[in-house]
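Heads up: the structure comes next, in structure tokens.
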Amino acid sequence: MSGLQGGGTVGVTDLIRAALPDLSESLARVARTVLQDPLAAAELSADQLATRSGASQASVTRFCKAIGLNSYQGLLLRIAQESGRYSGPWSITELSNDISPDDPLEKVLETVVTADLRSLEQARELLDLAAVERAAQAIAKARRVDLYGVGGSGAVANELEMRLFGIGVAARGWMEVHGAVTSASLLTTKDVAVGVSDSGATAETYEALQLAHDRGATTIAITRRTTSPLAVLADIQLTVSGFDTRFRAGSFASRHVQLLVADVLYVRVAQLGFDRASAAIALTSHLAASHSVSRKRSTRTPG
1 MSGLQGGGTV
11 GVTDLIRAAL
21 PDLSESLARV
31 ARTVLQDPLA
41 AAELSADQLA
51 TRSGASQASV
61 TRFCKAIGLN
71 SYQGLLLRIA
81 QESGRYSGPW
91 SITELSNDIS
101 PDDPLEKVLE
111 TVVTADLRSL
121 EQARELLDLA
131 AVERAAQAIA
141 KARRVDLYGV
151 GGSGAVANEL
161 EMRLFGIGVA
171 ARGWMEVHGA
181 VTSASLLTTK
191 DVAVGVSDSG
201 ATAETYEALQ
211 LAHDRGATTI
221 AITRRTTSPL
231 AVLADIQLTV
241 SGFDTRFRAG
251 SFASRHVQLL
261 VADVLYVRVA
271 QLGFDRASAA
281 IALTSHLAAS
291 HSVSRKRSTR
301 TPG
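Have a look at this one:
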């Protein structure tokens, strides 16, 4: 993951979960062993962790470097730091587990909020701001902007479309594949295409972005996986991730982070085209109020 670091306030288990989709199988086995019980893993030597994971000691070393740590001792230190970090009514291990049918609503709320806050905190530290800047510059200068996405990712693409359109950017969201590929085929080198896909492997989104790429448009991917087909295809990758809980996995888990990226991108585009954005907002700010319905007093006679 771009920008992955070992410092900052992001917990080590958060770093591991973020990196997990892009790890090789041997490194992923180490990652899953640590995530299964971080405190138990912290009691093991590197050689013992390798044995328990079914991997080599070299794989343990590579795993540490893959999540941005310099050494195995660094991993042990980060686990120790994280173990005392959470002060809520449940342990951080409990909040990492699936929501069970018997969990009280209070714990459901705590788990969902904790997962979202951890996702947003991780995005703040790990998001590649240089990539965001390149994406914003391209959108601000574009003749037109296409946005592709289906399902939950389509909702994010639609949200970004509305925001960009509201500041004067010629943006159009395409949630249906035939419209998406038709529009993509008409793009030029003056245009930008944005594909949103949590997995980075959604065929409809990939097909549209591929056509836009072939037409010479600048392509941007908002996705969870840096090694996914969509990310590899795109000129600019904005990678995001979320923390899964039961009933909120995949694109549902990363939705808030995708929207955060969309919001930061939108605000930066507005900054770059300040006069255009200000004029567009001034021309349209009264519209919502003019379409609001005022409550009318009932004329019925009490009976």
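Under our numbering, the first residue of the sequence shown is numbered 1, with each subsequent residue one higher. We put the beta carbon where it would ideally sit given N, CA and C, even for glycine. Values in this document were obtained by computation on a predicted structure and should not be read as measured data.
Endpoints, the alpha helix (DSSP H) within which residue i is located
i      : result
Ile67  : Premise fails: Ile67 is in no alpha helix (DSSP H) and is neither H nor E.
Val293 : No alpha helix (DSSP H) contains Val293, which DSSP labels as neither H nor E.
Glu207 : 203 to 214
Ser26  : 25 to 36
Short Cβ contact (8 Å threshold) for residue i with residue j
i      : j      : result
Glu161 : Leu147 : yes
Glu82  : Val12  : yes
Asp191 : Ala142 : yes
Arg255 : Gly173 : no
Leu230 : Ala212 : no
Val196 : Gln258 : yes
Glu207 : Val232 : no
Ser26  : Ala55  : yes
Leu35  : Arg52  : no
Ala131 : Ile67  : no
Thr226 : Asp22  : yes
Arg144 : Tyr266 : no
Thr307 : Gly216 : Lying outside 1 to 303, the shown extent of the chain, residue 307 is not represented and no answer is given.
Ala80  : Ala41  : no
Asp263 : Thr223 : no
Val269 : Val113 : no
Ala234 : Leu209 : yes
Val261 : Leu127 : yes
Gly149 : Ala157 : yes
Ser228 : Ala201 : yes
Leu15  : Ala28  : no
Gly166 : Thr61  : no
Gln73  : Leu272 : no
Start-to-end residues for the beta strand (DSSP E) that takes in residue i
i      : result
Thr218 : 218 to 223
Secondary structure of residue i, DSSP reduced to three states
i      : result
Gly146 : Gly is not the amino acid found at residue 146; the sequence shown has Asp there. In the structure shown, Asp146 sits in a strand (DSSP, three-state: E or B).
His286 : coil
Glu125 : helix
Ser45  : coil
Asp263 : helix
Val12  : helix
Pro101 : coil
Ala18  : helix
Gly151 : helix
Thr114 : helix
Ser83  : helix
Ser59  : helix
Thr51  : helix
Gly200 : coil
Gly273 : coil
Ser278 : helix
Ser254 : helix
Ser309 : Because the chain spans 1 through 303 in this model, residue 309 falls outside it and cannot be assessed.
Thr93  : In this prediction, Thr93 has a pLDDT of 47, which is less than 50 and means its spatial position is unreliable; what the coordinates show is noted afterwards. If DSSP states are grouped into helix, strand and coil, Thr93 belongs with the helices.
Identified DSSP bridge partners for residue i
i      : result
Gln237 : Ala221
Closer than 8 Å to chain D by CB, residue i
i      : result
Gln258 : No chain D appears in this structure, which consists of one protein chain only.
Cβ-heavy atom distance, residue i to the ligand PLP, below 7 Å
i     : result
Lys65 : In the structure shown, the ligand PLP is absent, as is every other ligand, since no ligand is present at all.
| In chain order, each beta strand (DSSP E) run of at least 3 residues that lies wholly inside the segment 153 to 196 | 171 to 174
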